[in-house]
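> Structure in structure tokens, see below.
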Amino acid sequence: MIAAPSPAFDGPVLSTRNLSVLAKGKPILDNVNLDFGPKSLTAVIGPSGCGKTTFIRSLNRMVELTPGLSVRGSILYLGQNIYDRSVNPVLVRRRIGMVFQRPTVFPMSVFENAAFGLRLVHEDEDTIDREVTEALRRAGLWEEVKDDLNRPALSLSGGQQQRLCIARALAVQPRVLLLDEPTSALDPMATQRVEATMQRLKEDFVLILVTHNVGQAARVSDRVAFLHTGKLIEVGKTGEILERPREPLTEQFITGRFT
Amino acid sequence: MTTALASTPSLAISEDLRRGETARLRWRTGFDRWMGWILPLLFLVAILPILDLVYYIGAKALPTMSWTVLTSTGDYQIHDALGVPIESTFLFVLSATLISVALGLFGGVATAEFLSERVASWIRMSANLLAGMPSVIVGYFGYFALCIYFGWGLSFIAGVFTLSFFMTPYIFRTADLAFSSIPRPIREAAYGSGARPTQYILRIGTPIAFPQILTGVFLAMAIGVGETAPIVLTVEPGLLVPNSLFAPATYMTALIWTGFNQPPSVALTVAFQAAFLIIVVVIVLNVAVRFVAAQYRKRLEGLYQ
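Quick mapping for you: the protein sequence lines, in order, are chains A and B.
The first sequence begins at 1 in this note's numbering and counts up by one.
The second sequence begins at 260 in this note's numbering and counts up by one.
Shown next as structure tokens:
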């Protein structure tokens, strides 16, 4: 057993220690060490196939749903290793929420979608009502759906669906929210609204955003980590990394010389 | 305009749209046009035997049919009273469906969600093997395993289980397929929201898979209604609706089995009536399944983008 974190824990909320992910012995991620502090939005950027999606999926043990991947090293959530044998991945995912590339609403009403995580832990109706409203407000969707919360979620537009997915993740009050290219399937207007939502949310949550879009990283993040062929090349303040990268690889990527 | 066209003579294709037609192109267009007639004709040829069958049986059965035939519970060996066979068949199919749904659903969900790919592929292969097994072999298996080895004798319950051996793989396959074909992002979103596997299966998987599973259950019932061997080999023919698990019983197809080659008699009349009823039930089940599944599928529109 590992000790529960003390309430006054002041280290990084989430940190990876020598994190490697292997597929058939071949590393997809190679010895990544990264810390994520409270109230921050870190963008993980890199070319296709650099392992950024695998990285974000390893942060709440979603990689375990893909057969054939094995994880080395550790990930500390408030000092506890989430890959410890005594830790249940279900509880990890309730504290570290996730939003995917494409909107993944369930075939039920808007309200029930947002309430999904709360129903899993058998909250009472009053709490569910309150938390769903709060989560929809935070996700910036409340004004658009408040008149008819019982409409089927699949009737919403793509951008609304994605914000509903954010609300669904927020409703269980996670501490960390993982966003895996949340706007890659959205049009520019919808992208703008999701980005505005992300910027509001970083006041209260630890946000980790995977994106292939350097512009998006520049717009919303306050820290950028650049991954290349599974290795962390460099990490730093968004402005510094994007304007004065120290590594030639980073410079090549952000100036668009490879994608 | 004309000069611009004339100034590009290197273009090999004629600009006159009526002159460019070659013999080959003409032949192909003609072929396409004729195929539009030939294929529906071939389809007619293919379904003619079925139509003829339905017509033949209908022509023999309908003149003797009446409401009293369907409802009277008299002795079906003396006059055409289908009440007892209908009720017995209903009991058989309902019990066998319950068993098959329990086995097939659990098996399908386990195969799709919990078992490793290797084990799952073995189970799928066995299910396909079982589904392709000739019914007479399943019938003899039921006879030797249930009636003799378990000592149940030629009884209602032995027939129910043998019938369910036959129906289970169909329900298993649809349940497995339905759960395996739920879009991966939906599955991951459920787990990503902190769902336990059982919560995912009950709250997300089952509503999405339901129309497909329902289809499988209905089709398995349609297959079960039409099966003969599993029943005639394991159940002692009875004249009454079975009142205990080990009672003798009768089945619609058993009436056809015993009556089809009789000289004109009550048995032959009953055989045709039973055949007609089975055809009607199978058609109704097939139509109902489309209708019901379509209703449920409406809710899922947009899920499989």
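The C-beta atom is built at its ideal place from N, Cα and C for all residues, glycine as well.
Verify the CB distance criterion: does Pro182/A have a CB-CB separation below 8 angstroms to chain B?
No, its Cβ sits nowhere closer than 8 angstroms to a Cβ of chain B.
> Who does Thr42/A pair with in a DSSP beta bridge?
Note: Thr42/A sits in a beta bridge opposite Ile208/A, Arg223/A.
> Val210/A and Lys52/A: beta carbons closer than 8 angstroms?
In contact: Val210/A and Lys52/A (Cβ atoms closer than 8 angstroms).
> List the residues that DSSP assigns as beta-bridge partners of Thr183/A.
Per DSSP, none; premise fails for Thr183/A.
> Report buried or exposed for Ala114/A, applying the criterion of at least 16 other Cβ atoms within 10 angstroms of its Cβ.
With 16 or more Cβ atoms within 10 Å of its Cβ, Ala114/A is classed as buried.
> For Met198/A, go through chain B and note every residue whose CB falls closer than 7 angstroms to its CB, in chain order.
Result: empty, since nearest Cβ-Cβ is about 17 angstroms, beyond 7 angstroms.
> Does the stretch 383 to 397 of chain B come close enough to the stretch 314 to 323 of chain B that 3 or more CB-CB pairs lie under 8 angstroms?
Too few Cβ pairs lie closer than 8 angstroms, so no.
> DSSP on Gln129/A, reduced to helix/strand/coil?
Note that residue 129/A corresponds to Asp in the displayed sequence, not to Gln. Asp129/A falls in the helix class under three-state DSSP.
> By how many angstroms is the C-alpha of Ala167/A removed from the C-alpha of Phe116/A?
Whole-angstrom Cα-Cα distance: 10 angstroms.
> Could you tell me the alpha carbon to alpha carbon distance between Ser70/A and Phe111/A, rounded to whole angstroms?
So the two alpha carbons sit approximately 37 angstroms from each other.
> Is there at least one Cβ from chain B nearer than 8 angstroms to Val172/A's Cβ?
At least one chain B Cβ lies under 8 angstroms of Val172/A.
> Compute the distance between the beta-carbons of Ile128/A and Val176/A, then report whether it is under 8 angstroms.
The answer is no: Cβ separation not under 8 angstroms.
> Using only the alpha-carbon positions, how far apart do Asp275/B and Arg287/B sit?
For Asp275/B and Arg287/B, the distance between alpha carbons rounds to 20 angstroms.
> Using the Cα positions of Phe400/B and Pro444/B, report the straight-line distance between them to the nearest angstrom.
For Phe400/B and Pro444/B, the distance between alpha carbons rounds to 43 angstroms.
> So Val90/A and Arg455/B are in contact, right, with Cβ under 8 angstroms, and what is the actual spacing, rounded?
Confirmed, Cβ separation roughly 5 angstroms.
> Report the three-state DSSP secondary structure of Ala23/A (helix, strand or coil).
Three-state result, Ala23/A: strand.
> Tell me the DSSP secondary structure of Met198/A in three-state form.
Correct three-state label for Met198/A: helix.
> Using CA atoms only, rank isn't needed, just tell me which of Ser394/B, Trp411/B, Ile396/B, Gly475/B is closest to Val494/B.
Nearest C-alpha to Val494/B: Trp411/B.
> Could you list which residues in chain B have their beta carbon closer than 7 angstroms to that of Met98/A, in chain order?
Simply Gly451.
> Find out if the Cβ-Cβ distance for the pair Ile463/B, Ala449/B is shorter than 8 angstroms.
Going by C-beta atoms, Ile463/B is nearer than 8 angstroms to Ala449/B.
> Pro308/B to Asn520/B, Cα distance in whole Å?
Roughly 21 angstroms between the two C-alpha positions.
> Who does Asp35/A pair with in a DSSP beta bridge?
According to DSSP, which records beta bridges pairwise, Asp35/A is partnered with Ser15/A.
> Who pairs with Ile96/A in a beta bridge, going by DSSP?
Partner(s): Val176/A.
> Please confirm if Ala167/A has its CB atom under 8 angstroms from at least one CB of chain B.
Judged by the 8 angstroms Cβ criterion, Ala167/A is not in contact with chain B.
> How would you list, in chain order, the residues of chain A whose beta-carbon sits under 7 angstroms from the beta-carbon of Ile467/B?
Correct list: Pro107.
> Applying the criterion that 16 or more other CB atoms from any shown protein chain within 10 Å of the CB defines a buried residue, is Met294/B buried or exposed?
By the neighbour-count rule (16 or more Cβ atoms within 10 Å), Met294/B is not buried but exposed.
> Can you give me the C-alpha to C-alpha distance between Ile2/A and Val92/A, rounded to a whole angstrom?
Low confidence applies here, because Ile2/A scores a pLDDT of 46, under 50, leaving its location unreliable and the question unanswered by this model.
> Going by CA-CA distance only, name the one from Thr238/A, Ile254/A, Leu118/A, Ala185/A that's closest to Gly159/A.
Of Thr238/A, Ile254/A, Leu118/A, Ala185/A, the residue nearest in Cα terms is Ala185/A.
> Apply the 10 Å Cβ neighbour rule to Met426/B and answer buried if 16 or more other Cβ atoms are within range, or exposed otherwise.
So Met426/B ends up on the buried side.
> If you run the structure through DSSP and keep just helix, strand and coil, what is Ile166/A?
Of the three classes helix, strand and coil, the one that applies to Ile166/A here is helix, per DSSP.
> Going by DSSP in three states, Asn387/B sits in which element: helix, strand or coil?
In this structure, Asn387/B counts as helix in the three-state DSSP scheme.
> How about Met198/A and Val220/A: are their beta carbons less than 8 angstroms apart?
Yes, the pair counts as a contact, with Cβ atoms nearer than the cut-off.
> Measuring CB atoms only, is the stretch 472 to 481 of chain B touching the stretch 354 to 365 of chain B, in the sense that at least three cross pairs come out at less than 8 angstroms?
Touching, yes, given that three or more Cβ pairs across the two stretches are closer than 8 angstroms.
> Per DSSP, Val77/A is paired with what?
Note that residue 77/A is Tyr in the sequence shown here, rather than Val. Per DSSP, Leu14/A, Gln80/A.
> Excluding sequence positions up to five away, which residues of its chain have a Cβ less than 6 angstroms from the Cβ of Arg558/B?
Excluding positions up to five away in sequence, the list is empty.
> Assuming contact is defined by CB atoms lying nearer than 8 angstroms, are Asn33/A and Arg57/A in contact in what I supplied?
Cβ atoms of Asn33/A and Arg57/A: not closer than 8 angstroms.
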